[in-house]
Amino acid sequence: SIVSSTDAAAVFSILRSKNLALRENLRPTLEFESGSNDPMAYVMTIACLTLVINQDEGLLSIIPFFLQQMVLGGLAGLGFGKLSKIVINKIRLGFDGLYPVLMIALMFITFSATDFVGGNGFLAIYICAVYLGNQDLIHKKTIIRMYDGLAWLMQIVLFLTLGLLVFPTRILPVMGIGILISLFLILVARPVGVLISLIFFRMKLRRRFYIAWVGLRGAAPIVFATYPLLAGIDKAGMIFNIVFFISVTSVLIQGTTLSLVAKWLNVDLPEEAKILTPTDELLAENPKTAMKEIEITAQCYAVDKKVVELGFPKNAIIAMIKRNGNYVVPNGATKIEPRDTLIVLSDT
1 SIVSSTDAAA
11 VFSILRSKNL
21 ALRENLRPTL
31 EFESGSNDPM
41 AYVMTIACLT
51 LVINQDEGLL
61 SIIPFFLQQM
71 VLGGLAGLGF
81 GKLSKIVINK
91 IRLGFDGLYP
101 VLMIALMFIT
111 FSATDFVGGN
121 GFLAIYICAV
131 YLGNQDLIHK
141 KTIIRMYDGL
151 AWLMQIVLFL
161 TLGLLVFPTR
171 ILPVMGIGIL
181 ISLFLILVAR
191 PVGVLISLIF
201 FRMKLRRRFY
211 IAWVGLRGAA
221 PIVFATYPLL
231 AGIDKAGMIF
241 NIVFFISVTS
251 VLIQGTTLSL
261 VAKWLNVDLP
271 EEAKILTPTD
281 ELLAENPKTA
291 MKEIEITAQC
301 YAVDKKVVEL
311 GFPKNAIIAM
321 IKRNGNYVVP
331 NGATKIEPRD
341 TLIVLSDT
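Below, the structure written as C-alpha cells:
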C-alpha cells in the first residue's frame, strides 16, 4: 500500500522539464492518474496500519472506513470547489498578490473541514483543485504562477526533510530485496494493473504500455513510509529504507527513460506538432501578433459584466480599456461599461 502511489510531483516535473509532448490524451491521463491515486494510497496505508496495530480486527472492518473516506472526500471536494469559485470571483481584494493567499486559505479550510468530518482530505483538496483549474477565475494566471513556485519550494523542503531521515549505511543491507521489489513493481505489478484498468477503454496497446511505464515512485511513498515509524510498529525502520530505495530506483530507471520509451513506442509528438496543455499555455508568454479595438454600445451583451464572466477565448486578452479618454488596465473583476473601447490582443 505504501508504494502503490505514483508520485504526481515527479511525473509533472519530468514531463515538463523534458518538454515531452505525447499523442492524443496520454499526458492528461498520466497527470490525472498520478495526482488522483495518492488519496487511495493514503487510505490503504492507514487501513493496513490499523490492521497491524489492532490484530483482533478483520479485513471487513476497514470497508466502512474506506467508504466514508472516499464518499465524504469526493463530496466535500466538489462542494468546496464550487464555494471557492464564488468566493474568489466575488470578493474584492486590494492587491492582486492577495488572491494566491486567499486560495491557500481556502485549500487549508477544504482539507481541515473534510478531515474533521471523517473524509479524505487529500481527495477533497485534489478534486477541489481540479474543479477550480477548469473554471474562469479572477487573476488565475497570477495564482498558477504562484503555485508553480510554491510547488518547487515544497518539493525542496520535502526532499531535504526526507534526506535527513535516511542513513546510507542502513540502505545497503536492504538493496537486494529493494531491487527485487522495484523490478516486480515496474515489470509486473504496474503493467498488470494498467492493462486491467484500461480493459474497457479503446486505446492502442503501445499507449497502454507507456502508461504502465510511467509509474514513478517519488516522495509520496517515502512520506507514507514514515507512518509506520510514527506508529512505532516492528521493523518500521527497515520498511522506510526499502521504500526509499524503491523510490530512488524508480526515478533512476523510469524517470530517465521516459523520452526514450516514448520514441520507441511511437507515442511522442514531433517537435513541430507539440501541443501545450492548458496550464502550459497559461504560463507561456506567447507573442501577441494581432490587435483589435472593440466598441461597446449600450445594448451590448457585455455591459455591466465582469471580464471573467465574458467567456473570452483562451488565446485572447483585454489588454486595456479606453474609458472617458483614459486607459484602464483591467483585471477579472473589472466591469464593462457602455461606450468603452476594448483593446484586445490575440494570437494569430
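Read the sequence shown against our numbering and you will find it ends at 348, with the numbers running on by one and no gaps. Beta carbons are placed, not taken as given, at the ideal position from N, Cα and C, and that holds for glycine.
Pairwise C-alpha distance: residue 165 and residue 238 | Locating residue 238 in the sequence shown gives position 238, where the first residue counts as 1. Locating residue 165 in the sequence shown gives position 165, where the first residue counts as 1. Spanning the two alpha carbons is a distance of roughly 12 angstroms.
Opening and closing residue of the alpha helix (DSSP H) in which residue 203 lies = Here residue 203 refers to the residue found at position 203 when the sequence shown is read from its first residue. From DSSP, residue 203 is part of no alpha helix (DSSP H); its letter is neither H nor E.
Indicate whether at least one CB of chain B lies closer than 8 angstroms to the CB of residue 250.
-> Among the protein chains of the structure shown there is no chain B, as only one such chain exists.
Short Cβ contact (8 angstroms threshold) for residue 221 with residue 2 = Along the sequence shown, read from residue 1 onward, the residue named residue 221 stands at position 221. Along the sequence shown, read from residue 1 onward, the residue named residue 2 stands at position 2. In this structure, residue 2 lies closer than 8 angstroms to residue 221 by Cβ.
Check whether residue 211 and residue 254 have beta carbons under 8 angstroms apart | The residue given as residue 211 occupies position 211 in the sequence shown. The residue given as residue 254 occupies position 254 in the sequence shown. Contact: no.
Below 8 angstroms, can you find three or more Cβ-Cβ pairs linking the stretch 136 to 150 to the stretch 89 to 109?
-> yes
Do residue 321 and residue 344 come within 8 angstroms of each other at the CB atom, strictly closer than that value?
-> Your numbering for residue 344 matches position 344 in the sequence shown. Your numbering for residue 321 matches position 321 in the sequence shown. No, these two residues do not count as a Cβ contact at 8 angstroms.
For residue 291, which residues does DSSP report across the bridge?
-> Numbered from 1 along the sequence shown, position 291 holds the residue referred to as residue 291. Per DSSP, 345.
Residues near residue 109 in its chain [Cβ-Cβ closer than 8 angstroms; skip 5 each side] = The residue given as residue 109 occupies position 109 in the sequence shown. Cβ within range, chain order: 80.
Tell me whether residue 22 sits in a helix, a strand or coil according to DSSP, three-state version.
-> Within the sequence shown, the letter at position 22 stands for residue 22. In this structure, residue 22 counts as strand in the three-state DSSP scheme.
In this structure, what does DSSP give as the bridge partners for residue 316?
-> By one-based count along the sequence shown, residue 316 stands at place 316. Its beta-bridge partners are 346.
So, helix, strand or coil for residue 286, using DSSP?
-> Stepping through the sequence shown from its first residue, residue 286 is reached at position 286. At residue 286, the pLDDT of 48 sits below 50, so the modelled position is not reliable and the matter cannot be decided from this model.
Residue nearest to residue 305 in terms of C-alpha spacing, selected from 338, 326 and 247 | For the purposes of this step, residue 305 is identified with residue 305 of the sequence shown, where counting begins at 1. It is 338.
Whole alpha helix (DSSP H) runs in the stretch 153 to 239 with 4 or more residues, listed along the chain?
-> 168 to 171, 175 to 184, 190 to 197, 205 to 213 and 219 to 231
Nearest-angstrom Cα distance between residue 41 and residue 4?
-> By 1-based counting over the sequence shown, the position of residue 41 is 41. By 1-based counting over the sequence shown, the position of residue 4 is 4. Their backbone Cα atoms lie some 6 angstroms apart in a straight line.
Under the assumption that residue 123 contacts residue 219 (Cβ atoms under 8 angstroms), give the Cβ distance between them as a whole number of angstroms.
-> By one-based count along the sequence shown, residue 123 stands at place 123. By one-based count along the sequence shown, residue 219 stands at place 219. Not confirmed; about 18 angstroms, so no contact.
Exposure label - residue 170; buried when at least 16 CB within 10 Å = As a first step, residue 170 must be located in the sequence shown, where it is residue number 170. Looking at its Cβ environment, which holds fewer than 16 other Cβ atoms inside 10 Å, residue 170 is exposed.
Tell me whether residue 262 is buried or exposed, calling it buried when 16 or more other Cβ atoms sit within 10 Å of its Cβ.
-> Position 262 of the sequence shown, counted from the start, is the residue given in the question as residue 262. Residue 262 is buried by the Cβ-count criterion.
Beta-carbon spacing of residue 250, residue 195 below 8 angstroms | Looking up residue 250 in the sequence shown gives position 250. Looking up residue 195 in the sequence shown gives position 195. No, these two residues do not count as a Cβ contact at 8 angstroms.
Pick out whichever of 335, 341, 331 and 179 has its Cα sitting closest to the Cα of residue 95.
-> As a first step, residue 95 is located in the sequence shown; it is residue number 95 there, counting from the start. Considering only alpha carbons, the answer is 331.
Would DSSP call residue 3 helix, strand or coil?
-> In the sequence shown, counting from the first residue as 1, residue 3 sits at position 3. In the structure shown, residue 3 sits in a helix (DSSP, three-state: H, G or I).
How about residue 73 and residue 121: do their beta carbons lie closer than 8 angstroms?
-> Residue mapping note: residue 73 aligns to position 73 of the sequence shown, counting from 1. Residue mapping note: residue 121 aligns to position 121 of the sequence shown, counting from 1. In contact: residue 73 and residue 121 (Cβ atoms closer than 8 angstroms).
Pick from 204, 312, 44 and 14 that is closest to residue 266, judged by C-alpha positions = Numbered from its first residue, the sequence shown carries residue 266 at position 266. Residue 204 is the option with its Cα nearest to residue 266.
Can you give me the Cβ contacts of residue 283 inside the same chain, cut-off strictly under 6 angstroms, excluding the 5 residues immediately before and after it?
-> Counted from its first residue, the sequence shown places residue 283 at position 283. Confidence at residue 283 is low in this model, with a pLDDT of 49, below 50, so the placement of that residue should be treated as unreliable; the coordinate-derived value is given next. Same-chain partners within the cutoff: there are none.
Using 8 angstroms as the threshold, is the stretch 83 to 93 in touch with the stretch 134 to 141, meaning 3 or more CB pairs across them?
-> yes
Find the nearest neighbour of residue 181 within the set 244, 28, 105 and 39, judged by alpha-carbon distance.
-> As a position in the sequence shown, residue 181 is number 181, starting the count at 1. Nearest option by C-alpha distance: 244.
Three-state secondary structure (DSSP) at residue 266?
-> On the sequence shown, position 266 is the one that residue 266 refers to. In the structure shown, residue 266 sits in coil (DSSP, three-state: anything other than H, G, I, E or B).
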